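Presented below is the structure to which this report refers.
Protein chains: 2
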Amino acid sequence: MKATKWTKKPLEPNWFRAEEEKSVADKVYDQLRRQIVTLQRRPRDPLREKLLVDEFGTSRTPVREACLRLQRDDLVCITPKSGTFVAPIWIPLVLDAHFLRMAAETAVIKELSVKISDEQVAELADIVERQIEARKANELAVFGRLDELFHSNLYEFAGHPHARRAVERQKVHWDRIRYVAIPDMQHTSEVIHDHNAIVEALQKRDPVLAERAVVEHLRTLPDYLEGLSRSRPELFETKM
Amino acid sequence: MKATKWTKKPLEPNWFRAEEEKSVADKVYDQLRRQIVTLQRRPRDPLREKLLVDEFGTSRTPVREACLRLQRDDLVCITPKSGTFVAPIWIPLVLDAHFLRMAAETAVIKELSVKISDEQVAELADIVERQIEARKANELAVFGRLDELFHSNLYEFAGHPHARRAVERQKVHWDRIRYVAIPDMQHTSEVIHDHNAIVEALQKRDPVLAERAVVEHLRTLPDYLEGLSRSRPELFETKM
DNA sequence: GTGAAATATCTAGTATACTAGATTTGCATT
DNA sequence: AATGCAAATCTAGTATACTAGATATTTCAC
Numbered sequence: 001m002k003a004t005k006w007t008k009k010p011l012e013p014n015w016f017r018a019e020e021e022k023s024v025a026d027k028v029y030d031q032l033r034r035q036i037v038t039l040q041r042r043p044r045d046p047l048r049e050k051l052l053v054d055e056f057g058t059s060r061t062p063v064r065e066a067c068l069r070l071q072r073d074d075l076v077c078i079t080p081k082s083g084t085f086v087a088p089i090w091i092p093l094v095l096d097a098h099f100l101r102m103a104a105e106t107a108v109i110k111e112l113s114v115k116i117s118d119e120q121v122a123e124l125a126d127i128v129e130r131q132i133e134a135r136k137a138n139e140l141a142v143f144g145r146l147d148e149l150f151h152s153n154l155y156e157f158a159g160h161p162h163a164r165r166a167v168e169r170q171k172v173h174w175d176r177i178r179y180v181a182i183p184d185m186q187h188t189s190e191v192i193h194d195h196n197a198i199v200e201a202l203q204k205r206d207p208v209l210a211e212r213a214v215v216e217h218l219r220t221l222p223d224y225l226e227g228l229s230r231s232r233p234e235l236f237e238t239k240m
Numbered sequence: 001m002k003a004t005k006w007t008k009k010p011l012e013p014n015w016f017r018a019e020e021e022k023s024v025a026d027k028v029y030d031q032l033r034r035q036i037v038t039l040q041r042r043p044r045d046p047l048r049e050k051l052l053v054d055e056f057g058t059s060r061t062p063v064r065e066a067c068l069r070l071q072r073d074d075l076v077c078i079t080p081k082s083g084t085f086v087a088p089i090w091i092p093l094v095l096d097a098h099f100l101r102m103a104a105e106t107a108v109i110k111e112l113s114v115k116i117s118d119e120q121v122a123e124l125a126d127i128v129e130r131q132i133e134a135r136k137a138n139e140l141a142v143f144g145r146l147d148e149l150f151h152s153n154l155y156e157f158a159g160h161p162h163a164r165r166a167v168e169r170q171k172v173h174w175d176r177i178r179y180v181a182i183p184d185m186q187h188t189s190e191v192i193h194d195h196n197a198i199v200e201a202l203q204k205r206d207p208v209l210a211e212r213a214v215v216e217h218l219r220t221l222p223d224y225l226e227g228l229s230r231s232r233p234e235l236f237e238t239k240m
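Here you go:
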């Protein structure tokens with residue numbers, strides 16, 4: 001057995017594995033994350049590894065990996081030898097998530113408004129149509145998913161899917177806020193109005209108008225946050 | 001022993017632990033990351049857990065944790081039951097890292113140019129001064145650190161440190177490119193010129209001029225990447 | 001020699017055991 | 001009852017063992 005044979009690299013490892021079966025750790029992560037974002041687990045709740053192990057029926061390793069990932073997402077705080085806790089909603093983090101989203105999406109829309117295709121405009125218009133229907137049917141969950149789709153399509157069409165990923169990693173903090181106060185009917189009405197304005201600006205291929213529409217769409221969020229943090233202070237943390 | 005006692009939350013866990021001693025896993029992560037970014041470990045090199053364990057003198061667990069974090073950073077590819085490899089430099093990822101940085105930094109500079117203090121302008125000017133000295137002394141490492149400091153100060157002064165974090169997490173892919181071709185003297189000269197333009201615009205509190213200066217500073221990078229990927233194709237990967 | 005099946009070996013994912021340190025509990029003393 | 005202190009107990013970090021599956025090597029028929 002020649003040593004050199006063992007050190008040579010594989011010719012072509014699977015860099016782009018199409019389908020990836022989820023590991024146990026991934027499933028635990030997904031579920032815990034969902035629970036935290038939806039406030040089923042609330043800020044400052046302890047996350048006892050032992051209980052999670054019993055709940056998920058796994059060993060400590062996948063649970064621990066999930067918690068470590070959540071820590072990197074700023075969704076849990078881990079204090080060695082002490083405990084793991086659901087992180088409070090850090091206001092500076094939410095504000096910066098919003099700032100980053102605003103910055104990225106205005107840049108995206110400026111690029112997009114000069115190169116978007118007719119088919120893509122039609123697809124965005126179709127999403128807004130379906131949002132109107134979801135609003136009529138009072139299906140807020142569907143409405144939310146369509147909202148996600150609308151914005152992610154902006155990044156995809158502009159050719160910046162990875163920028164979207166980076167923005168979304170921060171956006172999780174904002175998502176948690178959406179569950180502090182479930183969006184009401186008036187809110188959905190405003191969203192539809194704003195989305196329509198964005199689609200129209202893109203249709204006209206007008207970068208200035210499009211940017212203004214995006215800014216308008218995202219403008220009100222910080223004030224909203226301010227109000228929420230006053231009415232539910234136990235969920236928030238101002239310094240970080 | 002009352003059950004209720006065991007479920008109550010700690011009054012005030014250490015959310016803001018000032019000093020955090022680094023775990024073994026953190027050290028392994030830092031070192032591996034540095035090796036990958038500086039191309040001491042090159043794209044497509046296998047990362048054998050056993051060898052790393054011997055090298056770092058730890059058990060598998062911290063090494064594995066480090067690799068998982070690197071995977072989330074898109075710096076390594078893990079194929080279950082097969083192997084772990086240093087990821088190629090994905091061009092779409094680098095371009096989007098650049099796009100995000102451009103978007104964030106133009107937004108930062110626009111905010112900053114209306115609220116920056118005289119002391120902060122002076123601090124930025126001082127950094128540029130020190131860059132000029134580093135250039136004269138031919139200290140490229142110092143120059144690079146000052147460059148980092150200049151840009152990170154923009155985020156700090158604008159009050160968006162967490163947005164900076166998100167941008168920097170992507171920027172690691174660009175950093176790897178800096179080691180494909182070490183920046184030369186001409187490059188440092190351009191950087192100093194651009195930084196001076198930014199400081200001057202901030203001094204005048206002129207948002208339009210400031211934004212233009214930032215765009216100008218970051219404008220040339222994609223073309224540079226194009227050239228590099230042609231001359232060193234073995235390090236890169238165009239599709240993702 | 002060539003090709004294919006059989007075998008050996010290595011891999012990452014998971015389970016479990018152990019450690020040191022932080023926190024809580026309970027008791028003794030006042 | 002209040003307080004200080006020691007023991008018990010829980011925690012996250014680390015080490016090790018085991019598994020299934022992917023890859024590499026060898027064997028063997030032809």
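Those sequence lines, one after another, are chains A and B. Residue numbers 1 to 240, in this note's numbering, belong to the letters of the first sequence in order. Residue numbers 1 to 240, in this note's numbering, belong to the letters of the second sequence in order. Note that the Cβ used here is the ideal one computed from N, Cα and C, for glycine as well. Nothing here was measured: the structure is a model prediction, and the numbers come from that model.
In the DSSP assignment, what are the bridge partners of residue i?
i: residue 157 of chain B; result: In DSSP, residue 157 of chain B forms no bridge with anything.
i: residue 84 of chain A; result: A:78
i: residue 237 of chain A; result: A:90
Determine, using beta carbons only, whether residue i and residue j come nearer to each other than 8 Å.
i: residue 86 of chain A; j: residue 33 of chain A; result: no
i: residue 102 of chain B; j: residue 215 of chain B; result: yes
i: residue 240 of chain A; j: residue 93 of chain A; result: yes
i: residue 134 of chain A; j: residue 100 of chain B; result: no
i: residue 190 of chain A; j: residue 106 of chain A; result: no
i: residue 89 of chain B; j: residue 176 of chain B; result: yes
i: residue 154 of chain A; j: residue 121 of chain A; result: no
i: residue 123 of chain A; j: residue 158 of chain A; result: no
i: residue 254 of chain A; j: residue 171 of chain A; result: Missing from the structure shown is residue 254 of chain A; chain A here goes from 1 to 240 and no further.
i: residue 180 of chain B; j: residue 228 of chain B; result: yes
i: residue 76 of chain B; j: residue 47 of chain B; result: yes
i: residue 95 of chain B; j: residue 222 of chain B; result: yes
i: residue 218 of chain A; j: residue 116 of chain A; result: no
Mapping DSSP to helix, strand and coil, what is residue i?
i: residue 46 of chain B; result: strand
i: residue 182 of chain A; result: coil
i: residue 227 of chain A; result: helix
i: residue 123 of chain A; result: helix
i: residue 19 of chain A; result: Because the pLDDT of residue 19 of chain A is 48, which lies under 50, any placement of that residue in the model is unreliable, and the number read from its coordinates should be weighed accordingly. Here residue 19 of chain A sits in coil by DSSP.
i: residue 164 of chain B; result: helix
i: residue 144 of chain A; result: helix
i: residue 196 of chain B; result: helix
i: residue 71 of chain B; result: helix
i: residue 103 of chain A; result: helix
i: residue 169 of chain B; result: helix
i: residue 177 of chain B; result: helix
i: residue 114 of chain A; result: coil
i: residue 61 of chain B; result: helix
i: residue 206 of chain B; result: coil
i: residue 188 of chain A; result: helix
i: residue 129 of chain A; result: helix
i: residue 51 of chain B; result: helix
Tell me which residues share the same chain as residue i and place their Cβ nearer than 8 Å to its Cβ, disregarding the 5 neighbours each side in the sequence.
i: residue 149 of chain B; result: 127
i: residue 206 of chain B; result: 113
i: residue 178 of chain A; result: 144
i: residue 131 of chain B; result: 143, 146, 147, 150, 188, 191, 192 and 195
i: residue 74 of chain B; result: 87, 90, 93 and 173
So, at 6 Å on beta carbons, what are the nonlocal neighbours of residue i in its own chain, with the 5 sequence-adjacent residues on each side left out?
i: residue 208 of chain A; result: none
i: residue 237 of chain B; result: 88 and 90
i: residue 62 of chain A; result: 24, 25 and 28
i: residue 235 of chain B; result: 43 and 89
i: residue 65 of chain B; result: 25
i: residue 78 of chain A; result: 71 and 84
i: residue 230 of chain A; result: none
For residue i, I'd like the list of residues in its chain whose CB is within less than 7 Å of its CB, leaving aside the five on either flank, ordered along the chain.
i: residue 233 of chain B; result: none
i: residue 21 of chain A; result: none
i: residue 152 of chain A; result: 164
i: residue 67 of chain A; result: 47, 76, 78 and 84
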